[in-house]
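Enquirer: Read top to bottom, the protein sequences are chains W and Y. For the first sequence, the residue numbers in the numbering used here are 1 to 359. For the second sequence, the residue numbers in the numbering used here are 1001 to 1359. Quick reminder that beta carbons are idealized off the backbone N, C-alpha and C, glycines included.
Protein chains: 2
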Amino acid sequence: MAVRLADVARAAGVSLPTASQVMNGTGRVADDTRRRVLEIARELDYRPNALARSVALGRSRTIGVLAENAAGAFCMPVLIGVNRVLSSQDLASLLFDARHDPATRREHIRHMLDRQVDGIVVIGEGPDVEIAALDEQFDGPIVHAFGPHDPQHAVGVYPDEFAGGALAARELLAQGRRRIAHVTAGADLASARERRAGFEHALAEAGASCELVLHGEFTRAWGQAAAGDLLAALPDVDGVFAGNDGIAVGLAAALEAHGKRVPADVAVVGYDNVAGYGEDTAPYLTSVDPHLQLVGERAGEYLLAALEGEHGDAQPVAPALAPGATTRGEGDVRRLDLVEALLRSATAPPVVHLPPATA
Amino acid sequence: MAVRLADVARAAGVSLPTASQVMNGTGRVADDTRRRVLEIARELDYRPNALARSVALGRSRTIGVLAENAAGAFCMPVLIGVNRVLSSQDLASLLFDARHDPATRREHIRHMLDRQVDGIVVIGEGPDVEIAALDEQFDGPIVHAFGPHDPQHAVGVYPDEFAGGALAARELLAQGRRRIAHVTAGADLASARERRAGFEHALAEAGASCELVLHGEFTRAWGQAAAGDLLAALPDVDGVFAGNDGIAVGLAAALEAHGKRVPADVAVVGYDNVAGYGEDTAPYLTSVDPHLQLVGERAGEYLLAALEGEHGDAQPVAPALAPGATTRGEGDVRRLDLVEALLRSATAPPVVHLPPATA
DNA sequence: CTCCAATGACTAAGCGCTTTGGCATATACT
DNA sequence: AGTATATGCCAAAGCGCTTAGTCATTGGAG
């Protein structure tokens, strides 16, 4: 059915090994012969059987991507970044999704190893015993995105949350805010701590400080609830750093319900830059973008390097500020004039036409 | 290094083929021998080399997933669904992301075929010449999610957008709305047409009708802009079906800026159920959920069936209504009482505590 | 006690490719 | 002319596994 290397060899009048050497550019082959074989291969549209090649070589040019939970918002960008880098080097990625289930994860690990992957990328969410044990079962390189950072064993790639908190601080300061608060999740969460630390550090650097910190959870509901306490404790607050975007939108909405204008009275900065609702033109929320795709790309690059035998220690990935209306808008982001301003700034103003209603 | 089947055979005192038959449960092997081999295999922690097996069998138990653009919001849920179903049958998925680039896509297709995938799932966004040509290069089964639906060649799995439009209509009617409008994208887009058709059909079935249709584009900006025209043409509108979630949130915000309360005065239904901003507790927007993960699962199931030689014609995937505050909320979703109502309905009310501000 | 059919194992061949080592040629040099 | 060297190719062996076909054993029936 398909064209084999043997077919090419026969058609070119050479032996199979010679054809193989031509295809791989190895060994000593006369220029003339080389050209002829290549020509025939092209004519016959020969496609090497990557599987057989892998068996002979002992390398599959395949890497396993083990996601702790692919459905999570943070997984996809990383996955795309990893895939992007690896596929540029002809490395294919096998995707495994543990769905938070230890049994599934265990099974996936076995299957990954059975398939002779050359390396592994773990997109995790935190320390995990099973994953730690992976090192012993697998002797190829392992790179963690978000996972347990144990420099002894495997490389870990992380978004720099400290720097992200600092970015939020600088944005609020740049917008002239001085009565500043922070609404975030529980202090038991590492990312909440890091973001807060970076935030307060940058404020201090500028001679400012955070006057209030409210701890709750990473949800919209908590953001809504926090508004009341915030205004009670700090009535003239003019800038808030929310621990994530969910808190930010909940908080912004509740602040306005309390009569504050956003951003005129209170500027709000979120975190994660989750683009919801096809936020394609003028973004509503100012947010810190952790550059997750870059995290993935870095992970891919470290894996590539490790496959070449080079071992580097990973630097945290720098975030960026994604400006939106909740700090850069004028007056009240919900007032019509602003809506129209946003609209004017849109790339492609939609054409409006009113078709007759049916029936 | 690793344990080979030959090692198991030797340790068990049988020949390699016998060991192979034991592992596969094929051939005639004495019960006694079988048990012994299995025992040894377990002791040695033998793991079959899936690659070599694939070469011998001519089947790789791997399927290629070709995403037109993995970064798109619609790809991930489908991908997860596909992966979920396939991995349950020990089929691994190789991920390829064309990133809208024809050259990349072409290359990926080649690599996919080189790796001897047993089947292909295309997560596309519309008809494509290259993809159509895939049929001729690949003789295994191909399933399209969103792609060109050509029942002659390949199975296509689609979300049922007509039914989705109908769901939106029923939600508005169920909330007692009668002055109804539709704000959507250009009529040149198939999904805009389908959703509208289903919407109007369901309205008509109930003896109601859509009094105004505004065409623009699938963006938040268009939703914001449409509010003015909508209110001008239909001042007492009390229910709007927005063509997607972006339009819906833009519209809802602008309606309120115009003095309307949502949902008390105007109820709004979106489409796609894009959960932005960690919308984990009480959802803001009522939206039609196209069940994209189910689309992926169906695609996986059709592929499995096709691998078994069965060919079925795919049914469109039924959507579901995801209720939120923009139709089910009371009064103004932005009023504080509602905020608190939302909060009360949250599963885990956050604990509030006010730590001393640092420095 | 012989014969035949199961039974259980093995030898051989094959999947498609890569790599090593050796053997002829052809070229270079004294 | 005769040796040393380089060149181009191929035969053979290997990767780890599967499948088909063969051949001793056994057991029961005659």
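For residue 1057 (chain Y), is the classification buried or exposed, using 16 other Cβ atoms within 10 angstroms of its Cβ as the cut-off for buried?
Expert: As a position in the second sequence, residue 1057 (chain Y) is number 57, starting the count at 1. Exposed: under 16 other Cβ atoms inside 10 Å.
Enquirer: Would you tell me roughly how many angstroms separate the C-alpha atoms of residue 95 (chain W) and residue 328 (chain W), rounded to the nearest one?
Expert: Stepping through the first sequence from its first residue, residue 95 (chain W) is reached at position 95. Stepping through the first sequence from its first residue, residue 328 (chain W) is reached at position 328. Going by the C-alpha atoms only, they are around 40 angstroms apart.
Enquirer: Any residues in the stretch 1082 to 1105 of chain Y with a beta carbon nearer than 9 angstroms to a beta carbon of chain W? Which ones, in chain order?
Expert: Under the 9 angstroms Cβ criterion, the stretch 1082 to 1105 of chain Y contributes 1083, 1084, 1087, 1090, 1092, 1093, 1094, 1095, 1096, 1097, 1099, 1104.
Enquirer: Can you check DSSP and say which residues form a bridge with residue 1094 (chain Y)?
Expert: As a working mapping, residue 1094 (chain Y) is identified with position 94 in the second sequence. W:94, Y:1064, per the DSSP bridge assignment.
Enquirer: Could you give the uninterrupted runs of the alpha helix (DSSP H) lying entirely in the stretch 1100 to 1167 of chain Y, keeping only those of 4 residues or more?
Expert: Those alpha helix (DSSP H) runs which fall completely within the stretch 1100 to 1167 of chain Y and span 4+ residues are 1102 to 1114, 1129 to 1137.
Enquirer: Considering Cα atoms alone, identify which of W:33, W:104, W:240, W:40 is closest to residue 68 (chain W).
Expert: In the first sequence, counting from the first residue as 1, residue 68 (chain W) sits at position 68. The candidate whose alpha carbon is nearest that of residue 68 (chain W) is W:104.
Enquirer: From residue 226 (chain W) to residue 208 (chain W), what does the alpha carbon distance come to, in whole angstroms?
Expert: Looking up residue 226 (chain W) in the first sequence gives position 226. Looking up residue 208 (chain W) in the first sequence gives position 208. Cα to Cα, residue 226 (chain W) sits roughly 22 angstroms from residue 208 (chain W).
Enquirer: Answer yes or no: do residue 1266 (chain Y) and residue 1243 (chain Y) have a C-beta to C-beta separation smaller than 8 angstroms?
Expert: What you label residue 1266 (chain Y) is simply residue 266 of the second sequence in a count that begins at 1. What you label residue 1243 (chain Y) is simply residue 243 of the second sequence in a count that begins at 1. Not in contact: residue 1266 (chain Y) and residue 1243 (chain Y) (Cβ atoms no closer than 8 angstroms).
Enquirer: Could you list which residues in chain W have their beta carbon closer than 8 angstroms to that of residue 1114 (chain Y), in chain order?
Expert: The sequence position of residue 1114 (chain Y) within the second sequence is 114, counting from 1. 47, 48, 49, 50, listed in chain order.
Enquirer: Can the beta-carbon of residue 1196 (chain Y) be found less than 8 angstroms from the beta-carbon of residue 1213 (chain Y)?
Expert: The count along the second sequence starts at 1 and reaches residue 1196 (chain Y) at position 196. The count along the second sequence starts at 1 and reaches residue 1213 (chain Y) at position 213. Contact flag set, yes.
Enquirer: Tell me which same chain residues have a C-beta within less than 7 angstroms of the C-beta of residue 1017 (chain Y), skipping the five on either side of it?
Expert: Counted from its first residue, the second sequence places residue 1017 (chain Y) at position 17. So no residue of the chain qualifies.
Enquirer: So what's residue 1271 (chain Y) in DSSP terms, helix, strand or just coil?
Expert: As a position in the second sequence, residue 1271 (chain Y) is number 271, starting the count at 1. Correct three-state label for residue 1271 (chain Y): strand.
Enquirer: Using a Cβ-Cβ cutoff of less than 8 angstroms, which residues in the same chain neighbour residue 1193 (chain Y) once the five nearest sequence positions on both sides are dropped?
Expert: On the second sequence, position 193 is the one that residue 1193 (chain Y) refers to. Correct list, in chain order: 1187.
Enquirer: Fully enclosed by the stretch 200 to 232 of chain W, which beta strand (DSSP E) runs are 3 residues long or longer?
Expert: Runs found: 210 to 216.
Enquirer: In whole angstroms, what is the alpha-carbon distance linking residue 1229 (chain Y) and residue 175 (chain W)?
Expert: Along the second sequence, read from residue 1 onward, the residue named residue 1229 (chain Y) stands at position 229. Along the first sequence, read from residue 1 onward, the residue named residue 175 (chain W) stands at position 175. Their backbone Cα atoms lie some 34 angstroms apart in a straight line.
Enquirer: For residue 251 (chain W) and residue 1210 (chain Y), what's the separation of their Cα atoms in angstroms?
Expert: In the first sequence, residue 251 (chain W) corresponds to position 251, counting from 1. In the second sequence, residue 1210 (chain Y) corresponds to position 210, counting from 1. Each residue's Cα considered, the two are about 35 angstroms apart.
Enquirer: Take residue 285 (chain W) and list the residues in its own chain whose beta-carbon comes closer than 7 angstroms to its own, dropping the five residues that flank it on each side.
Expert: As a position in the first sequence, residue 285 (chain W) is number 285, starting the count at 1. Around residue 285 (chain W): 245, 248, 249, 270, 324, 326.
Enquirer: Taking the straight line between their C-alpha atoms, what separation do you get for residue 315 (chain W) and residue 189 (chain W)?
Expert: In the first sequence, the residue the question calls residue 315 (chain W) occupies position 315. In the first sequence, the residue the question calls residue 189 (chain W) occupies position 189. Using only the alpha carbons, I get a separation of about 21 angstroms.
Enquirer: In angstroms with no decimal places, state the Cα-to-Cα distance between residue 302 (chain W) and residue 121 (chain W).
Expert: By one-based count along the first sequence, residue 302 (chain W) stands at place 302. By one-based count along the first sequence, residue 121 (chain W) stands at place 121. Approximately 10 angstroms, taken between the alpha carbons.
Enquirer: Report, in whole angstroms, the separation of the C-beta atoms of residue 1119 (chain Y) and residue 1163 (chain Y), which I expect to be a contact under 8 angstroms.
Expert: Taking the second sequence and counting its residues from 1, the one referred to as residue 1119 (chain Y) is at position 119. Taking the second sequence and counting its residues from 1, the one referred to as residue 1163 (chain Y) is at position 163. Contact doesn't hold; Cβ gap of about 28 angstroms is too wide.
Enquirer: Whose Cβ in chain Y lies nearer than 7 angstroms to the Cβ of residue 80 (chain W)?
Expert: Walking along the first sequence from the start, residue 80 (chain W) turns up at place 80. Near residue 80 (chain W) (Cβ distances below 7 angstroms), the residues of chain Y are 1070, 1071, 1097.
Enquirer: Against chain Y, does residue 111 (chain W) count as a neighbour if the rule is that its beta carbon must be under 8 angstroms from one of theirs?
Expert: Numbered from 1 along the first sequence, position 111 holds the residue referred to as residue 111 (chain W). Interface residue, yes.
Enquirer: Going along chain Y in order, which residues have a C-beta closer than 9 angstroms to the C-beta of residue 23 (chain W)?
Expert: What you label residue 23 (chain W) is simply residue 23 of the first sequence in a count that begins at 1. By Cβ distance, chain Y contributes nothing, its closest Cβ being about 12 angstroms from residue 23 (chain W), past 9 angstroms.
Enquirer: Interface residues of chain W around residue 1054 (chain Y) at Cβ under 8 angstroms?
Expert: Along the second sequence, read from residue 1 onward, the residue named residue 1054 (chain Y) stands at position 54. Going along chain W in sequence order, the residues near residue 1054 (chain Y) (Cβ under 8 angstroms) are 51.
Enquirer: Give me the residue from W:166, W:234, W:215, W:45 with the minimum Cα distance to residue 204 (chain W).
Expert: Within the first sequence, numbered from 1, the residue matching residue 204 (chain W) stands at position 204. Here the closest residue by C-alpha is W:166.
Enquirer: Among residues of its own chain, excluding the 5 on either side of residue 1034 (chain Y), which ones have a beta-carbon nearer than 6 angstroms to its beta-carbon?
Expert: Here residue 1034 (chain Y) refers to the residue found at position 34 of the second sequence. Here the set comprises 1022.
Enquirer: Find the residues of chain W that neighbour residue 1191 (chain Y), judging by a C-beta separation of less than 7 angstroms, and give them in chain order.
Expert: Position 191 of the second sequence, counted from the start, is the residue given in the question as residue 1191 (chain Y). Near residue 1191 (chain Y) there are no residues of chain W at all, since even the closest Cβ is about 13 angstroms away, more than 7 angstroms.
Enquirer: Distance, Cα to Cα, residue 1309 (chain Y) vs residue 1143 (chain Y)?
Expert: To locate residue 1309 (chain Y), count along the second sequence from 1; it is residue 309. To locate residue 1143 (chain Y), count along the second sequence from 1; it is residue 143. Answer to the nearest angstrom: the Cα atoms are 14 angstroms apart.
Enquirer: Can you look up residue 16 (chain W) in the DSSP assignment and give me helix, strand or coil?
Expert: Counting from one through the first sequence, the residue named residue 16 (chain W) turns up at place 16. Looking at residue 16 (chain W) - three-state DSSP - the assignment turns out to be helix.
Enquirer: Which partner residues of residue 288 (chain W) appear in the DSSP bridge assignment?
Expert: Indexing the first sequence from 1 puts residue 288 (chain W) at position 288. Answer by DSSP bridge pairing, in chain order: W:271, W:321.
Enquirer: Using the Cα positions of residue 219 (chain W) and residue 1029 (chain Y), report the straight-line distance between them to the nearest angstrom.
Expert: Taking the first residue of the first sequence as 1, we reach residue 219 (chain W) at position 219. Taking the first residue of the second sequence as 1, we reach residue 1029 (chain Y) at position 29. Taking the straight line from one Cα to the other gives about 60 angstroms.
Enquirer: Between residue 70 (chain W) and residue 183 (chain W), what straight-line distance do the alpha-carbon atoms span, to the nearest angstrom?
Expert: Numbered from 1 along the first sequence, position 70 holds the residue referred to as residue 70 (chain W). Numbered from 1 along the first sequence, position 183 holds the residue referred to as residue 183 (chain W). Going by the C-alpha atoms only, they are around 28 angstroms apart.
Enquirer: Given a limit of 8 angstroms on CB to CB distance, which residues of the stretch 9 to 41 of chain W reach chain Y?
Expert: Listed in sequence order: no entries.
Enquirer: In the structure shown, what three-state DSSP assignment does residue 183 (chain W) receive?
Expert: For the purposes of this step, residue 183 (chain W) is taken as residue 183 along the first sequence, with counting starting at 1. Reduced to three states, the DSSP call for residue 183 (chain W) is strand.
Enquirer: Count the other C-beta atoms from every protein chain shown that fall within 10 angstroms of the C-beta of residue 1062 (chain Y), then say buried if there are 16 or more, exposed otherwise.
Expert: Your numbering for residue 1062 (chain Y) matches position 62 in the second sequence. Looking at its Cβ environment, which holds 16 or more other Cβ atoms inside 10 Å, residue 1062 (chain Y) is buried.
Enquirer: Locate the alpha helix (DSSP H) running through residue 81 (chain W), then write down its first and last residues.
Expert: For the purposes of this step, residue 81 (chain W) is identified with residue 81 of the first sequence, where counting begins at 1. First-last of the alpha helix (DSSP H) with residue 81 (chain W): 75 to 87.
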